[in-house]
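Asker: Questions regarding the structure given below will be posed in turn.
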Amino acid sequence: MGSKKPLASTGKVVSDYSPLFKYWELALKLKPEEAEKIIPRMEDVKSVEEHVGGRKMTVEELKRHLVREVISRVDPSIAQQALGSVYGVEFSEEEARMKIADIVAGWIIEVAEFFGIVDLKTRET
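If you want it as C-alpha cells, here you go:
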C-alpha cells in the first residue's frame, strides 16, 4: 500500500503507515490536539527499554505491551473515520482504535531500534 513513513521509522514492524497518515490528516481538521498525542514520546522509548530489559522477546509481545500504553491516546471516532477512508470498509470505533494503537506501537519499536534501544532480529527456521 503506502510507502510513506514517519520520522525514524524503518518499515520493519509496520509495513503500511497510510492509516496513521490519514488519522493525522483528519485529526488536524477535526481535533488538532489529538494529532500530536500519537507521536512517539521519549517516555514511550524508555518504556520499551524498561520492558525489554535485555531479555529476548518477540515483537508481538512488545507490541501488546505498548498497545496497552498508547491506546488511550487514540481518538476512537477519528480512528474509525481514518480506517474507513483508507480501507473502504467500516470498522467499529474500538477495532479502529486498536488498529491505530497497533501501528503506533510498531512505530515506537522502530524508533527504539533506530536509537539502538532494541535490536530486531529475524527468527531463523
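So in this note's numbering, the last one in the sequence shown is 191, and the numbering has no gaps at all.
Just so it is clear, CB atoms sit at the ideal spot from N, CA and C, and this is done for glycine as well.
Computed from a predicted model, the values in this text were never measured in an experiment.
Look up D110 in the DSSP assignment and say whether it is helix, strand or coil.
Answerer: helix
Asker: Can you list, in chain order, the residues of its chain whose CB lies under 6 Å from that of V170, leaving out five sequence neighbours each side?
Answerer: I104 and V136
Asker: Check whether the stretch 171 to 185 and the stretch 147 to 157 touch, using three or more Cβ-Cβ pairs below 8 Å as the test.
Answerer: no
Asker: Please report the straight-line C-alpha distance between H131 and K95, rounded to a whole angstrom.
Answerer: 30 Å
Asker: Is it the case that the Cβ atoms of D110 and I174 are separated by a distance below 7 Å?
Answerer: yes
Asker: Is it a yes or a no for the stretch 149 to 161 touching the stretch 110 to 124, going by three-plus beta-carbon pairs under 8 Å?
Answerer: No: the two stretches stay apart, fewer than three of their Cβ pairs being nearer than 8 Å.
Asker: Where are the alpha helix (DSSP H) runs, 4 residues long or more, that stay fully inside the stretch 83 to 160, in chain order?
Answerer: 84 to 96, 98 to 101, 108 to 118, 125 to 136 and 142 to 153
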